[in-house]
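Below is one structure, written out as structure tokens; the observations come after it.
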Amino acid sequence: MQLGRVVGTAISTVKHRTMQGWKLLVVQPLRADGQSPDGDPQLAIDTLGAGRAELVLLSNDGKSARDLIGDPTSPVRWTVLGIVDGR
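Using this note's numbering, the final residue of the sequence shown is 93, and nothing's skipped along the way.
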């Protein structure tokens, strides 16, 4: 699991068949300090309704992502597990 900041959404007219109907976010993974970028932005499946600039908890467990999608051949790897409450 890793913290990440939502930097945008991905909209595509053509995508892998297993990604049809899923909200796709562009998320910048962050280091433990919650501020510094940790690698390149990633495409993540979102079932929770996270919005732009929100801090989220990510998983890069591809098997769990494919189980969520319901297709073991899906290229999906990243999923949003939670939205961090800033209060």
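Ideal Cβ positions, reconstructed from N, Cα and C, are used throughout, including at glycine.
Relative to the ligand MN, is the shortest distance from any of its heavy atoms to the C-beta of residue i smaller than 6 angstroms?
i     : result
Ile75 : Ligands in the displayed structure: none, and consequently the ligand MN is not present.
Do you know how far the Cα of residue j is from the Cα of residue i?
i     : j     : result
Pro78 : Gln34 : 25 angstroms
Val13 : Asp91 : 17 angstroms
Leu49 : Met25 : 11 angstroms
Val67 : Gly10 : It should be pointed out that residue 67 corresponds to Asp in this sequence rather than to Val. Cα to Cα, the separation comes out at about 15 angstroms.
Ser70 : Gln8  : 15 angstroms
Ala56 : Ala16 : 13 angstroms
Lys21 : Pro47 : 18 angstroms
Asp18 : Ile75 : Per the sequence shown, the amino acid found at residue 18 is Ser instead of Asp. Computed Cα separation, rounded: 18 angstroms.
Gly27 : Leu61 : 23 angstroms
Leu31 : Trp84 : 10 angstroms
Asp44 : Ala38 : 9 angstroms
Val82 : Leu36 : 20 angstroms
Can you name, in chain order, every residue of its own chain whose Cβ lies under 6 angstroms from the Cβ of residue i, other than the five neighbours on each side?
i     : result
Thr53 : none
Gly88 : Leu63
Among the options, which residue has its Cα nearest to the Cα of residue i?
i     : options                    : result
Arg23 : Arg72, Gly57, Ser65, Asp39 : Arg72
Ser65 : Ile51, Ser42, Gly40        : Ile51
In chain order, which beta strand (DSSP E) runs of at least 3 residues are fully inside the region 22-83?
29-35, 48-52, 61-65
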